[in-house]
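Numbering (our numbering), first residue to last: 29 to 192.
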């Protein structure tokens, strides 16, 4: 049984709207002959289009492993025997000791074991810049889908009062 999840649907939609609006504004600037504004809105459209695409990528969990696809094309893949750590992490490491302020929770699969410092560095560079860590937004159903195939222990980092 294969399970598919969008990396971060909310960010993908918002970034897509901003990108589309910027593109419309760029086209208006072409009509008005404002080349400097055209360049600015064109760059904004491209930047937010890229952000939308990254967040609209699909994570596929199946018996072979974890796969990230973008527009139906396979971007990266990790077999289950390549996954060294899986867990849930919060994206706000600077919560000043307030456990309820964890930021958005994400599920991640990593090709290497991470210590506390590595997890902290991963959060500071969020989203992870390479394909050695695949991540998608946390949801209890998504976590259960991960548990169908991941037999190892699930790590928790900066999850506050939330327990797996």
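Yeah, the Cβ is synthetic: ideal placement off N, Cα and C, and Gly gets one too. Since we're looking at a predicted model, the values are computed, not measured.
Exercise for review: Determine which residues share a DSSP beta bridge with residue 96 and list them.
Suggested key: In the DSSP output, where bridge partners are listed per residue, residue 96 has 87 and 104.
Review point. Roughly how many angstroms lie between the CA atoms of residue 32 and residue 80, to the nearest whole one?
Key: Taking the straight line joining both Cα atoms gives about 18 angstroms.
Review point. If we ignore side chains and look at the alpha-carbon of each, how far apart do residue 147 and residue 110 end up?
Key: Spanning the two alpha carbons is a distance of roughly 18 angstroms.
Practice item. Output the boundary residues of the beta strand (DSSP E) element that contains residue 132. Key: Membership of residue 132 in any beta strand (DSSP E) is not indicated, and neither H nor E is assigned to it by DSSP.
Exercise for review: Could you pull the start and end residues of the beta strand (DSSP E) that residue 62 belongs to?
Suggested key: Counting along the chain, residue 62 falls outside any beta strand (DSSP E), and DSSP gives it neither H nor E.
Practice item. Sort 184, 158 and 43 by Cα distance to residue 96 and report the nearest one. Key: For the residues 184, 158 and 43, the minimum Cα distance to residue 96 belongs to 158.
Practice item. Flag this pair as yes or no: are the beta carbons of residue 89 and residue 177 separated by less than 8 angstroms? Key: The answer is yes: Cβ separation under 8 angstroms.
Practice item. Decide if residue 35 is buried, meaning its Cβ has at least 16 other Cβ atoms within 10 Å, or exposed. Key: Looking at its Cβ environment, which holds 16 or more other Cβ atoms inside 10 Å, residue 35 is buried.
**Study point:** Neighbourhood of residue 141 by C-beta, 8 angstroms cutoff - its chain only, sequence neighbours within 5 removed
**Key:** Listed in chain order, the non-local C-beta contacts of residue 141 below 8 angstroms within the same chain comprise 112 and 113, local neighbours out to five positions each way being set aside.
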